[in-house]
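Report on the structure given below.
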Amino acid sequence: MPLASPRNLFALAFLACVAMMGAALYLEHVLGQEPCPLCIVQRILLIAFGLVCLLAAVHNPGRGGRMGYAGVAGLFALGGAATAGRQIWLQTVPADQLPACLPSLDYMLQAFPFQEIIRVVLHGSADCAEVNWTLFGLSIPELSLLGFVVCIGLALYQGLRRS
Numbered sequence: 001m002p003l004a005s006p007r008n009l010f011a012l013a014f015l016a017c018v019a020m021m022g023a024a025l026y027l028e029h030v031l032g033q034e035p036c037p038l039c040i041v042q043r044i045l046l047i048a049f050g051l052v053c054l055l056a057a058v059h060n061p062g063r064g065g066r067m068g069y070a071g072v073a074g075l076f077a078l079g080g081a082a083t084a085g086r087q088i089w090l091q092t093v094p095a096d097q098l099p100a101c102l103p104s105l106d107y108m109l110q111a112f113p114f115q116e117i118i119r120v121v122l123h124g125s126a127d128c129a130e131v132n133w134t135l136f137g138l139s140i141p142e143l144s145l146l147g148f149v150v151c152i153g154l155a156l157y158q159g160l161r162r163s
């Protein structure tokens, strides 16, 4: 089986998602970087992308199935890129124009209707705009956006390839 087979690429994408989540958990539990609600949304979308890739790797579908898996995975990656982009934009907004903090996601899930949670989370807060860790000059949301762009590229490649 060639290295660039659809199954191997889906498996590689899944392993990349595992590595990215491992890095996120390291930042949280070892370095003490508490994730904001937008970070949590990005994690959920990354996990969803990874699970779709795992299913595709295990299933090893034909061309039509591969296009379907790639399409669903691509939608999750687009959502993650949009969320990371929103967080990057929030980092450019002056702190005094953002709400100081949001209630915890656990509290919002218990107290708010789903539509209100989405609105509040996507509106963002000063917590989401805070840049307190960088790698090669890139903030966590910028690194996340870069990862999601790679995921989108892989999904497009998998969905549009002929073999």
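Note that the numbering used here has the sequence shown beginning at 1, numbered continuously upward. Every residue gets a Cβ at the ideal spot worked out from N, C-alpha and C, and that includes glycine. Remember, it's a predicted structure, so these values are computed and weren't measured experimentally.
At a cut of 8 Å, does the segment 46-56 reach the segment 84-96 through at least three beta carbon pairs?
no
Hey, out of Gly-153, Leu-160, Tyr-157, Gly-147, whose CA is closest to Ala-24's CA?
To locate residue 24, count along the sequence shown from 1; it is residue 24. The candidate whose alpha carbon is nearest that of Ala-24 is Gly-147.
Starting from Asn-8, follow the alpha helix (DSSP H) in both directions and report where the run begins and ends.
What you label residue 8 is simply residue 8 of the sequence shown in a count that begins at 1. 6-29 is the span of the alpha helix (DSSP H), which, as asked, contains Asn-8.
Taking buried to mean at least 16 other C-beta atoms within 10 Å of its own C-beta, is Ile-140 buried or exposed?
Taking the sequence shown and counting its residues from 1, the one referred to as residue 140 is at position 140. When all chains shown are included, Ile-140 counts as buried.
Whole-angstrom Cβ separation of Arg-159 and Ala-70, contact assumed at under 8 Å?
Numbered from its first residue, the sequence shown carries residue 159 at position 159. Numbered from its first residue, the sequence shown carries residue 70 at position 70. The sequence given here places Gly at residue 159; Arg does not occur at that position. 3 Å between Cβ atoms; contact.
Quick check on DSSP: helix, strand or coil for Gly-65?
In the sequence shown, the residue the question calls residue 65 occupies position 65. In this structure, Gly-65 counts as helix in the three-state DSSP scheme.
Quick one: what does DSSP say Ser-163 is sitting in, helix, strand or coil?
By 1-based counting over the sequence shown, the position of residue 163 is 163. Here Ser-163 sits in coil by DSSP.
For Ile-117 versus Met-108, is the C-beta distance shorter than 7 Å?
Position 117 of the sequence shown, counted from the first residue, corresponds to residue 117. Position 108 of the sequence shown, counted from the first residue, corresponds to residue 108. Yes, Cβ-Cβ distance for Ile-117 and Met-108 is below 7 Å.
Cβ-based burial, Leu-38 [other Cβ within 10 Å; buried from 16]:
Working through the sequence shown from its first residue, we reach residue 38 at position 38. Burial call: buried.
Go ahead and label Phe-114 buried or exposed: buried means 16 or more other beta carbons lie within 10 angstroms of its beta carbon, across all protein chains shown.
The residue you call residue 114 lines up with position 114 of the sequence shown. When all chains shown are included, Phe-114 counts as exposed.
Could you tell me how far apart the beta carbons of Gln-42 and Asn-132 are, in whole angstroms, since I believe they sit closer than 8 Å?
Here residue 42 refers to the residue found at position 42 of the sequence shown. Here residue 132 refers to the residue found at position 132 of the sequence shown. Not confirmed; about 16 Å, so no contact.
Measuring alpha carbon to alpha carbon, tell me which of Phe-112, Ala-81, Gly-85, Gly-64 ends up nearest Arg-162.
For the purposes of this step, residue 162 is taken as residue 162 along the sequence shown, with counting starting at 1. Minimum Cα distance to Arg-162 is reached at Gly-64.
Check each candidate in Ala-111, Gly-80, Phe-112, Val-72 and name the one with the smallest Cα separation from Glu-142.
In the sequence shown, counting from the first residue as 1, residue 142 sits at position 142. With distances taken between Cα atoms, Glu-142 lies closest to Gly-80.
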